[in-house]
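Counting from 1, one number per residue, gives the positions in the sequence shown under the UniProt record's numbering.
What follows is one structure encoded as structure tokens, with my remarks underneath.
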Amino acid sequence: MSRCRYSIRCFKTASHRAPKPVFLFMDGFGEELDVNCYFWLVQGNGRNILVDTGMGGSHQLDFGSYGEAFLALHQGSQSGFPVGEGEDTIAQLQTCGLRPADIDTVILTHLHYDHVANIPLFAEADIYVNRRGWEFALRREYPIFDSFPHPLLRYMEREMGGRLRLLDDEAEIMPGLSVFRTGGHTRCSQAVLIDTHQGRAAISGDVAFLYENFEREHPIGFGMSAEESVAAIRRLKREASILLTGHDAAVLERYPDGRIGGEPA
Ligand SMILES: [Zn+2]
Numbered sequence: 001m002s003r004c005r006y007s008i009r010c011f012k013t014a015s016h017r018a019p020k021p022v023f024l025f026m027d028g029f030g031e032e033l034d035v036n037c038y039f040w041l042v043q044g045n046g047r048n049i050l051v052d053t054g055m056g057g058s059h060q061l062d063f064g065s066y067g068e069a070f071l072a073l074h075q076g077s078q079s080g081f082p083v084g085e086g087e088d089t090i091a092q093l094q095t096c097g098l099r100p101a102d103i104d105t106v107i108l109t110h111l112h113y114d115h116v117a118n119i120p121l122f123a124e125a126d127i128y129v130n131r132r133g134w135e136f137a138l139r140r141e142y143p144i145f146d147s148f149p150h151p152l153l154r155y156m157e158r159e160m161g162g163r164l165r166l167l168d169d170e171a172e173i174m175p176g177l178s179v180f181r182t183g184g185h186t187r188c189s190q191a192v193l194i195d196t197h198q199g200r201a202a203i204s205g206d207v208a209f210l211y212e213n214f215e216r217e218h219p220i221g222f223g224m225s226a227e228e229s230v231a232a233i234r235r236l237k238r239e240a241s242i243l244l245t246g247h248d249a250a251v252l253e254r255y256p257d258g259r260i261g262g263e264p265a
């Protein structure tokens with residue numbers, strides 16, 4: 001472990017209900033599951049870092065008809081990703097005394113709607129995306145797998161310039177903070193490993209939606225490779241003692257105040 005230590009805050013930014021086989025490969029047909037959508041504030045080393053962007057508020061990217069299609073695809077029996085009172089990104093950051101302009105770094109676990117919707121709020125930050133997945137997204141060669149919002153890709157191509165930082169499959173972003181490409185869920189999915197005051201934490205992205213994915217080493221259902229999902233789940237279990245899933249409501253049962261990894265020294 002490096003000498004840099006970070007603390008993590010988990011923010012719930014929306015709710016979601018979907019059929020259980022979305023979360024657990026070929027398991028739980030006929031059942032539905034209520035889950036949360038999250039974004040994460042990582043602080044340490046003098047930096048304010050977000051993992052994913054949160055949703056809600058008037059700054060969300062306009063996803064147009066693509067957004068509607070994505071929501072229809074993902075809504076199961078419920079209405080998409082409702083953002084509750086006080087759950088939008090600006091309100092959540094305010095609880096930590098931060099404004100969006102205070103965020104210097106945004107790491108995107110992948111480019112799905114519920115992880116990137118508020119990217120326009122961070123017009124000054126460096127945005128980190130997996131290079132191989134980004135290039136795949138731009139090629140748009142497999143429409144059935146191409147579940148990244150086209151308005152997002154256009155926005156990022158046009159607006160980001162040098163702020164878009166493309167990462168190798170194994171990359172240290174700063175001391176004590178690294179990512180590796182998981183694949184599994186999408187071609188650009190990457191997990192974030194963070195040295196905290198209480199050990200190494202992993203933000204899995206959606207390669208593990210639930211703690212059950214970790215506990216049973218059971219792949220996610222909504223993904224491009226069950227094999228990659230399991231490989232990533234096993235690696236995360238080996239390399240981190242604090243496992244943070246993409247959507248499990250139990251994250252906030254384990255950490256009711258959303259504080260993970262202890263406070264800065
Ligand atoms: Zn996703």
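Glycine included, every Cβ here is placed at the ideal spot set by N, Cα and C.
For clarity, every value in this text was computed on a predicted model and none was experimentally measured.
Counting other Cβ atoms within 10 Å of its Cβ, E212 reaches 16 or more and is therefore classed as buried. In the DSSP assignment, Q43 is bridged to S7 and N48. Between F214 and the set R234, G30, F25 and I203, the nearest pair of CA atoms involves R234. Sorting A14, F11 and F23 by C-alpha distance to the C-alpha of A226 places F23 at the top. Rounded to the nearest whole angstrom, the C-alpha separation of T95 and E141 is 42 Å.
The three-state secondary structure of Q190, taken from DSSP, is strand. Applying a distance threshold of 5 Å between residue Cβ atoms and the heavy atoms of ligand 1 selects H112 and D206, given in chain order.
The Cβ-Cβ distance between G246 and C188 does not fall below 7 Å. Pairing D104 with G223, the inter-Cα distance amounts to about 30 Å. Under the DSSP assignment, I233 falls outside any beta strand (DSSP E), being part of the alpha helix (DSSP H) whose first and last residues are A226 to E239. Selection T182, A202, A231 and S58 evaluated against V251 yields A202 as nearest (Cα-Cα). Put simply, the backbone Cα of F29 is about 20 Å away from that of D206. With respect to R131, L177 sits apart: the two C-beta atoms are not nearer than 7 Å. Non-local C-beta neighbours of D169 in its own chain, meaning closer than 6 Å and more than five positions away in sequence, comprise R181, ordered along the chain. For Y128, the enclosing beta strand (DSSP E) has its first and last residue at D126 to N130.
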